[in-house]
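Numbering (my numbering), first residue to last: 194 to 935.
Contents: one structure, followed by commentary.
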């Protein structure tokens, strides 16, 4: 039998065999951390005799979790056995490997009764959450143009990730907007419970609650998960930190793997202090640094180090590789965003002619809005591309409709999903009728489907004709539900599609779009076939869970020959031979919001580092003299991050000519800058000072970039306002350029 230490470098071997007590593995970009983690899991089982069910490994994406699981199975030489039931994950012979959210779902399916929910709970998607908040805003008679659902949801999500219950948030609320958010949060949670539903953040928060409030439940899982391994520890938020800390409290066999240089998800609640303070939580920690890089050239590593070394809040390490040298970084100054896109398209065409496949290339940007100019240029140059994070398969209308049917059949208390499909296809049940039906179900203290089977027009305050339609529809759903346990999931879904009338509804459409919708439904049935092997009574819940936990990067098809467009955040964990990073100007990268704090600026620098270290062979860094973005033309200096790269590692190019058409149609000749980048004015955005207006909470204001809004709170230096089109913004008073609306 092959040794589990074969093929590992000395530091990786040390990490694998150090099995007891807290271990912090500082794994630099491309240093083989997944290999180290999987070998460590296999070593625990084969060499140390640890039972597979006593090992928990958590990470952040489904793709990473599945890769880890498959590698462990391969190393152990055991057959891949899919558990046929929820209890099966404890006897499958393979450790529980999954994302934080998928692991929490498994725990909640077994324990959530303790806090008053049914185990058949639904998981709300983003669209359903917004719909719920919109209804609450309407009930509270708030101005929908000022108080937008995304702004409320962002604050509620942050509160949950920080471990704050409704009462805790209410007590800490400051200012008018947060006070209103506290009220929305309370109503939102009540509505979720009425629907026996959880949102994405509840999956974490409720496990923390279970562990805190029910010591016996905590003790059960502490005994079960005796060895805990966590990947990407730098990305953990407070709730995730709490779950890990509570589980590891007794055994203290926790292995945290991460890289503080790649902590880029603060906006999601990630706290870099979790990894920086790991030794404070566990004073007996053994620290192992993985510094040998297996991905990038030394030029790329040295250039990226030049950037990240300017951060103060970090643990130092120096990555090295056996791939000495490499191609220099190319920086390119364009006239505007169109010229920037054209350069990218022309250079990628040249690479393609040299034999580089399109799927070996990624174009990365700070914000999704930057993809427009790139898409236009690539279409004109006939270059195939794929936008990662665009409209997802599971966000397409026909797919969302069928999923809503399935959620109601799984959880008949899910009135939000029922509202979504009550007229898909049309049945003549209007919004007011539905609200009366929902009210009737609450008075009857029954789920909405059961109440619909018994509804009468006189009792519900609606016409008897409408009540008859509701009874027919509810009885239909009830009869379909009874057949769940007797059919494999794919056959059950086909029956739902047919008997609800959705199949006939699609048949009436004779357009090119309808053909595409049929193809999408067929693909959904193909996905469902993967679940046919599971216990019929549980396969639907498993399918709905997996769909709810799908992320944008899970949808990347490596077989598609196309250039990948994505944000720098989406690129985390991926790698490509050639990487283009566009929009390297002050105000974009680093983002203008980061000017208010050093910690925000350092996160932007980490984002730049992540982008550069995605590349194996070559990095292109592009910026423009002026750019149309967010509805206005900006002429910002080049990003300060460009000047932080050692000068000897950069080849500097710019363009000639003024006409966009001439740039596109005729050959361009790159030239050296007349003035070296090192002498340029980096990192000093042009800001116009204005006299500081005196505002009060509730004042209506106008900002030249964000438009009209309302002041919600302020401190000595900062003013917080919520804008109609841009949501909540924190602005430095002396530079805010706000005017009172009259």
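For glycine and all other residues, C-beta sits at the position ideal for the given N, C-alpha and C.
Which same chain residues end up closer than 8 Å to residue 511 when comparing Cβ atoms and leaving out the 5 residues on each side of it in sequence?
Only 484, 498 meet the Cβ criterion.
Quick one: grab the DSSP three-state call for residue 680.
Correct three-state label for residue 680: coil.
With DSSP as the reference, please indicate the residues paired to residue 933 in a beta bridge.
Answer is 894, bridged to residue 933.
So, are the CB atoms of residue 298 and residue 738 less than 8 Å apart?
Cβ distance < 8 Å, so residue 298 and residue 738 count as in contact.
Determine, using beta carbons only, whether residue 217 and residue 418 come nearer to each other than 8 Å.
No.
Could you tell me which of 811, 204, 840, 408 sits nearest to residue 549, measuring between CA atoms?
The option with the nearest alpha carbon to residue 549 is 811.
Taking C-alpha atoms, which residue in 244, 778, 247, 481 lies nearest to residue 827?
Among 244, 778, 247, 481, the Cα nearest to that of residue 827 is on 778.
Tell me the residue span of the beta strand (DSSP E) that contains residue 831.
No beta strand (DSSP E) contains residue 831, which DSSP labels as neither H nor E.
May I ask which residues mark the beginning and end of the alpha helix (DSSP H) holding residue 627?
624 to 637 is the extent of the alpha helix (DSSP H) around residue 627.
Suppose contacts are defined by Cβ-Cβ distances below 8 Å. Is residue 581 in contact with residue 757 by that definition?
Taking 8 Å as the Cβ cut-off, residue 581 and residue 757 qualify as a contacting pair.
Expressed to the nearest angstrom, what Euclidean distance is found between the alpha-carbon atoms of residue 1001 and residue 559?
With the chain running from 194 to 935 in the structure shown, residue 1001 is simply not present.
Pick helix, strand or coil for residue 490, following the three-state DSSP scheme.
Here residue 490 sits in coil by DSSP.
Alpha carbon to alpha carbon, how far is residue 753 from residue 552?
Each residue's alpha carbon lies about 7 Å from the other.
For residue 904, list the residues DSSP reports as bridge partners.
According to DSSP, which records beta bridges pairwise, residue 904 is partnered with 914.
Rounding to the nearest angstrom, what Cα-Cα distance links residue 167 and residue 504 in this structure?
Absent from the structure is residue 167, since the part of the chain shown begins at 194 and ends at 935.
Give the single residue among 677, 764, 719 whose Cα lies nearest to the Cα of residue 729.
For the residues 677, 764, 719, the minimum Cα distance to residue 729 belongs to 677.
Please return the same chain residues whose Cβ sits closer than 6 Å to the Cβ of residue 203, not counting the five positions on each side in sequence.
Cβ neighbours of residue 203 beyond the five flanking positions: none.
Would you report the Cα separation of residue 213 and residue 597, rounded to the nearest angstrom?
In a straight line, the C-alpha of residue 213 is about 46 Å away from that of residue 597.
State yes or no: is the C-beta of residue 421 within less than 8 Å of the C-beta of residue 249?
For residue 421 and residue 249, yes; Cβs fall inside 8 Å.
Just the Cα atoms here: how many angstroms apart are residue 237 and residue 542?
Near 49 Å, if we compare the C-alpha coordinates of residue 542 and residue 237.
Could you give the DSSP three-state label for residue 733: helix, strand or coil?
Helix.
Quick one: what does DSSP say residue 291 is sitting in, helix, strand or coil?
Looking at residue 291 - three-state DSSP - the assignment turns out to be strand.
Looking only at C-alpha atoms, which of 520, 690, 358, 450 sits nearest to residue 252?
That would be 450, whose Cα lies nearest to the Cα of residue 252.
Take residue 634 and list the residues in its own chain whose beta-carbon comes closer than 6 Å to its own, dropping the five residues that flank it on each side.
Answer for residue 634: 641, 644, listed in chain order.
List the DSSP bridge partners of residue 480.
DSSP lists 217 as partners of residue 480.
Determine, using beta-carbon pairs with one atom in the segment 607 to 615 and one in the segment 388 to 396, whether at least three such pairs fall under 8 Å.
In short, these stretches touch, since the Cβ pair count reaches three.
Exposed or buried, what is residue 476 when buried is set at 16 or more other beta-carbons lying within 10 Å of its beta-carbon?
Looking at its Cβ environment, which holds fewer than 16 other Cβ atoms inside 10 Å, residue 476 is exposed.
Secondary structure at residue 451, three-state DSSP: helix, strand or coil?
Three-state DSSP puts residue 451 in a strand.
Out of curiosity, what's the CA-to-CA distance linking residue 843 and residue 524?
Roughly 7 Å separates the two Cα atoms.
How would you write the range of the alpha helix (DSSP H) that residue 181 sits in, first residue to last?
The structure shown does not extend to residue 181, since the chain spans only 194 to 935, so no value can be given for it.
Report the rounded CA-to-CA distance for residue 840 versus residue 427, giving the unit in angstroms.
Using only the alpha carbons, I get a separation of about 30 Å.
Taking the C-alpha atoms as reference points, what is the distance between residue 540 and residue 224?
Using only the alpha carbons, I get a separation of about 29 Å.
With distances taken Cα to Cα, identify the nearest neighbour of residue 349 among 768, 333, 366.
Minimum Cα distance to residue 349 is reached at 366.
So what's residue 872 in DSSP terms, helix, strand or just coil?
Note that residue 872 has pLDDT 42, beneath the 50 cutoff, so the model's placement of it is unreliable and the number below is only indicative. Looking at residue 872 - three-state DSSP - the assignment turns out to be helix.
Once the 5 residues before and after residue 768 are set aside, which same chain residues still bring their CB inside 8 Å of it?
Counting only Cβ-Cβ distances below 8 Å, and skipping sequence neighbours, we find 223, 488, 807, 808, 809.
Using DSSP's beta-bridge definition, name the partner residues of residue 579.
For residue 579, which the question treats as bridged, DSSP gives the partners 757.
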